[in-house]
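Letter by letter, the sequence shown follows residues 729 to 873 of the numbering used here. Here is the structure we will look at.
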Amino acid sequence: MTQTISIAGTPLYFPTSLATGVDGVIVPMSPESFVELASRVAPDGALLFAKRLIGAARKYHRELRYAAINRQRVQLAKLCLDRALGDAPDIVTELRAARETIAAERDAFVDTGGGRDRLDPYAVPFVERLDRQLARIDAALSSTS
Numbered sequence: 729m730t731q732t733i734s735i736a737g738t739p740l741y742f743p744t745s746l747a748t749g750v751d752g753v754i755v756p757m758s759p760e761s762f763v764e765l766a767s768r769v770a771p772d773g774a775l776l777f778a779k780r781l782i783g784a785a786r787k788y789h790r791e792l793r794y795a796a797i798n799r800q801r802v803q804l805a806k807l808c809l810d811r812a813l814g815d816a817p818d819i820v821t822e823l824r825a826a827r828e829t830i831a832a833e834r835d836a837f838v839d840t841g842g843g844r845d846r847l848d849p850y851a852v853p854f855v856e857r858l859d860r861q862l863a864r865i866d867a868a869l870s871s872t873s
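Quick look at the structure:
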């Protein structure tokens, strides 16, 4: 069984039951309860849960009794990945916000020192590091535009 935490903070298990049919194959969940389970997975744990589901499907891929459950594991992992990617923040917006914060820190630091030439020698590496961070962010923003 693969475990994660629900939105409410309670544990969720997949498969919910290891009941077997007459032929010895583990009975899969109904489609309605399957989709309902996917909607109860906490968004911050969706990626880890998807990884665990895929790992379990890979572990039992040769066992015929797990065939239907493995199919559902992969489908549930896909639903979790889609949900996690849909909830992901916009990277360009985050880069712009980070650039503004770093630029403000650098400007405040340099202004208090009276310009780059009059900085304390111990502060120069700090300002240079901020300059490198700004250059990397600018390069990333220019490649996304």
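All C-beta atoms, glycine included, are put in the ideal place defined by N, C-alpha and C. Keep in mind the model is a prediction, meaning the values are calculated, not measured.
Compare the C-beta of residue i with all C-beta atoms of chain B and state if any pair is closer than 9 Å.
| i | result |
| --- | --- |
| T748 | Checking the listed chains, one finds no chain B in this structure; it contains a single protein chain. |
Return the bridge partner residues of residue i from the DSSP annotation.
| i | result |
| --- | --- |
| I865 | Paired residue(s): none; I865 is not in a bridge. |
| L807 | For L807, which the question treats as bridged, DSSP gives no partner whatsoever. |
| Q731 | Y741 |
| V769 | S734 |
| T748 | I754 |
Return the chain-ordered list of same chain residues with a C-beta closer than 6 Å to the C-beta of residue i, the five sequence neighbours on each side being excluded.
| i | result |
| --- | --- |
| A766 | L804, L807 |
| G749 | V755 |
| G773 | T732, I733 |
Would you kindly check if the distance between the Cβ of residue j and the Cβ of residue i is under 9 Å?
| i | j | result |
| --- | --- | --- |
| R811 | V763 | no |
| R793 | V820 | no |
| V802 | R834 | no |
| T732 | P739 | yes |
| L775 | L809 | yes |
Drop a sphere of 10 angstroms on the beta-carbon of residue i, count the other beta-carbons inside from all chains shown, and report buried for 16 or more, exposed for fewer.
| i | result |
| --- | --- |
| I735 | exposed |
| L746 | exposed |
| A836 | exposed |
| A863 | exposed |
What is the C-beta distance between residue i and residue j, in whole angstroms, given that I count them as a contact (C-beta under 8 Å)?
| i | j | result |
| --- | --- | --- |
| L813 | A868 | Not really, about 19 Å apart at Cβ, beyond 8 Å. |
| T730 | R786 | Not a contact, Cβ separation roughly 12 Å. |
Apart from the five residues on each side of it in sequence, which residues of its chain come closer than 8 Å, Cβ to Cβ, to residue i?
| i | result |
| --- | --- |
| A826 | I865 |
| Y788 | Y794, I797, N798 |
Among residues of its own chain, excluding the 5 on either side of residue i, which ones have a beta-carbon nearer than 7 Å to its beta-carbon?
| i | result |
| --- | --- |
| L858 | I830, E833, R834 |
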